[in-house]
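A quick write-up on the structure given underneath.
2 protein chains.
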Amino acid sequence: MMELTRKGEYAIRGIIYLAQQPPGRVSLISEIAAASDVPQTFLAKIFQSFAKLGLVTSSRGTGGGFVLARPASAITLREVVEAVEGPILPNRCLLGSSCDRGGPCLVHGVWRTVQTEVVNILDGVTIETLARTREN
Amino acid sequence: MMELTRKGEYAIRGIIYLAQQPPGRVSLISEIAAASDVPQTFLAKIFQSFAKLGLVTSSRGTGGGFVLARPASAITLREVVEAVEGPILPNRCLLGSSCDRGGPCLVHGVWRTVQTEVVNILDGVTIETLARTREN
DNA sequence: CACCTTTAGGACCAAATTTATCCCTTTTAT
DNA sequence: ATAAAAGGGATAAATTTGGTCCTAAAGGTG
Chain A
25 MMELTRKGEY AIRGIIYLAQ QPPGRVSLIS EIAAASDVPQ TFLAKIFQSF
75 AKLGLVTSSR GTGGGFVLAR PASAITLREV VEAVEGPILP NRCLLGSSCD
125 RGGPCLVHGV WRTVQTEVVN ILDGVTIETL ARTREN
Chain B
25 MMELTRKGEY AIRGIIYLAQ QPPGRVSLIS EIAAASDVPQ TFLAKIFQSF
75 AKLGLVTSSR GTGGGFVLAR PASAITLREV VEAVEGPILP NRCLLGSSCD
125 RGGPCLVHGV WRTVQTEVVN ILDGVTIETL ARTREN
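Here the protein sequences come in this chain order: A and B. Under my numbering, think of the first position of the first sequence as 25, with each following residue one higher. Under my numbering, think of the first position of the second sequence as 25, with each following residue one higher.
Have a look at this one:
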């Protein structure tokens with residue numbers, strides 16, 4: 025429980041790499057994949073999600089590639105994680121079917137608390153912070 | 025992300041049912057399964073875990089079944105969840121392979137914070153509380 | 001003892017999800 | 001035109017989840 029999937033891990037590694045490039049520098053997906061040690065085709069999908077959500081800007085053709093769409097200091101860890109893992113605060117009942125069995129499920133409130141707390145933590149961490157923390 | 029598996033949900037439903045029985049009353053797995061609307065054989069596995077971890081006491085043969093091993097007020101939601109989903113604070117690196125790629129992974133610290141917070145929340149909720157919250 | 005009841009535990013299977021890979025299309029620069 | 005790059009759909013392999021089944025072990029009861 026509480027574990028990041030590989031997709032989430034790859035997403036973080038990839039965007040941190042982007043954040044560590046000189047501002048405005050365009051990076052190829054092949055380059056990012058090699059540098060962050062992630063299967064290229066898989067990372068390509070992840071960056072598609074980033075682009076759709078406006079975390080990165082993509083351009084095609086020669087000279088194309090990816091750049092952060094905003095300064096790394098304005099991209100939160102939450103955005104990155106949610107981009108690939110889906111929203112942390114879903115609308116649906118947190119215990120799934122349980123709520124349908126008559127009245128809201130008992131654990132509903134607790135789980136809501138958990139999720140709110142997690143969101144707060146992840147919202148407080150920017151990609152810039154992560155990119156600076158350590159060379160890698 | 026941050027979702028309980030069905031196993032976790034079943035575990036909570038099952039142990040809440042036990043907590044709602046008169047103290048000391050032995051419940052059959054078949055009874056618990058029917059009452060909490062969970063596949064019986066699956067729930068049996070879950071209660072095996074509970075028994076191993078000392079959350080419930082089991083006895084075999086005629087008149088056997090399950091009882092809470094402690095008062096419901098002394099069993100936390102964390103224990104129940106961890107019994108079936110595994111520990112929330114694992115020793116291994118939170119980003120898996122990432123830490124092996126030279127130095128501790130960047131997100132390690134953040135994830136540790138998240139997990140600590142989640143554990144705190146779940147530790148603060150007892151089965152008694154859940155069992156009382158609502159008739160179900 | 002023989003027999004019934006109930007949990008314990010292992011083997012096994014099916015469905016869903018995760019983790020990719022492949023191929024073709026679209027866009028863009030030269 | 002051609003080449004370089006991302007976009008996007010289909011598909012496949014691997015892993016995890018969800019669930020069943022069968023036999024064994026343990027504990028009562030006549």
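From the three backbone atoms N, C-alpha and C, an ideal C-beta is built for every residue, glycine too. Predicted, not measured: the structure shown is a model, and the values here were computed from it.
query: Contacting positions in the stretch 86 to 114 of chain A - beta carbon closer than 9 angstroms to chain B; result: Leu-101, Val-105, Glu-106, Glu-109, Gly-110, Pro-111, Ile-112, Leu-113, Pro-114
query: Residues of the stretch 34 to 55 of chain A whose Cβ lies closer than 9 angstroms to any Cβ of chain B, in chain order; result: Ile-36, Arg-37, Ile-40
query: Bridge partners - Thr-150 of chain A, DSSP secondary structure assignment; result: A:Thr-100
query: Spatially closest choice to Cys-157 of chain B from B:Glu-106, B:Tyr-41, B:Gly-89, B:Ser-51, by CA coordinates; result: Before going further, note that residue 157 of chain B is Thr rather than Cys in the sequence given. Nearest option by C-alpha distance: B:Tyr-41.
query: Beta-carbon contacts of Val-50 of chain A that lie in its chain and below 8 angstroms, excluding the five residues immediately before and after; result: Ser-83, Gly-87, Gly-88, Gly-89, Phe-90, Val-91
query: Min CB distance Glu-152 of chain A to chain B below 8 angstroms; result: no
query: According to DSSP, residues forming a beta bridge with Leu-92 of chain B; result: B:Val-80
query: Partners in chain A for Ile-145 of chain B, counting only beta-carbon separations shorter than 8 angstroms; result: Val-134, Thr-137, Val-138, Glu-141
query: C-alpha gap between Val-36 of chain B and Trp-135 of chain B, whole angstroms; result: Residue 36 of chain B is actually Ile in this sequence, not Val. The alpha-carbon atoms of Ile-36 of chain B and Trp-135 of chain B are separated by roughly 25 angstroms.
query: Cross-strand partners of Ser-51 of chain B (DSSP beta bridge); result: B:Phe-90
query: Reduced DSSP category for Gln-45 of chain A - H, G, I as helix; E, B as strand; rest coil; result: coil
query: Reduced DSSP category for Arg-112 of chain B - H, G, I as helix; E, B as strand; rest coil; result: Looking at the sequence provided, one finds Ile at residue 112 of chain B rather than Arg. Here Ile-112 of chain B sits in coil by DSSP.
query: Chain A contacts from the stretch 67 to 82 of chain B (Cβ-Cβ distance under 8 angstroms); result: none
query: Proximal chain A residues relative to Val-62 of chain B, where beta-carbon distance stays under 7 angstroms; result: Residues of chain A passing the Cβ test: none, with the nearest at roughly 10 angstroms.
query: Coarse secondary structure for Leu-28 of chain B, derived from DSSP in three states; result: coil
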